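Report on one structure; see the data block that follows.
Spelled out as structure tokens, the structure:
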């Protein structure tokens, strides 16, 4: 007789949800297709999450938590931080596609508590680095952070023809060099 393993089913559901939402977004995702990917019945989707929208939010929260923990900021070396973010995006293109859908389909949502806290902590870290003199002071810490995040993830947001301009082997160096030039005090 098979034993029930709700944690395994939840992991399968989250993995399937990430794949489904990364491919189709919230509006295009289908619960029946998602359940089939997870190897569970469509009814179980609703027992684990408050419908498709709740599952979309749960996937976002899981990604946010993983990213915050996997790529901690080093405000005294923002270039390397950007490089590590770039590396994470390259290793997990499905996550980057999901986040693009999330941004497109979540215009009326406010940042989750985890993300808001993380951003405030990162801004405080950049401010401290500015006070130590390792990051330029003519831009706010929030502006610096926004630019670092944009540069770190820029390759995931371009079409193949733009990405082909810089070989993949040089993309990380392009990111870290740009961030270093951006944040280094004159």
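In this note's numbering, the protein residues as written are 3 to 188.
Built from N, CA and C at the ideal position, the CB exists for glycine as well.
Predicted model, so just to flag it, every value in this text is computed and none were measured.
Check, Outcome
"Proximity of residue 78 and residue 131 at Cβ, strictly below 9 Å", "yes"
"Proximal residues to residue 135 (C-beta, below 7 Å), its chain only, five neighbours per side dropped", "187"
"Where residue 70 falls: helix, strand or coil (DSSP)", "helix"
"Segment contact flag, the region 92-107 with the region 144-160, C-beta cutoff 8 Å, min 3 pairs", "yes"
"C-beta contact flag for residue 19 and residue 57 at 9 Å", "yes"
"Where residue 146 falls: helix, strand or coil (DSSP)", "helix"
"Of the residues 12, 175 and 153, the one placed nearest residue 41, counting alpha carbons only", "12"
"Terminal residues of the alpha helix (DSSP H) in which residue 30 lies", "8-30"
"Three or more C-beta pairs below 8 Å linking the region 116-133 and the region 62-75", "yes"
"Assigned exposure category for residue 120 - 16 Cβ within 10 Å defines buried", "buried"
"Host alpha helix (DSSP H) of residue 110 (start-end)", "Unbroken run through residue 110: none, as it is neither H nor E."
"Cβ pair residue 63, residue 28 closer than 9 Å", "no"
"Interface flag, residue 29 vs chain D, CB-CB below 9 Å", "No chain D appears in this structure, which consists of one protein chain only."
"Whole-angstrom C-beta distance between residue 181 and residue 150, which should lie under 8 Å", "6 Å"
"Cut-off 6 Å between Cβ atoms - residues of its own chain near residue 60, not counting five sequence neighbours on either side", "51"
"Euclidean distance between Cα positions of residue 15 and residue 104", "18 Å"
"Residue 24 burial status per 10 Å Cβ neighbour count (16 or more: buried)", "buried"
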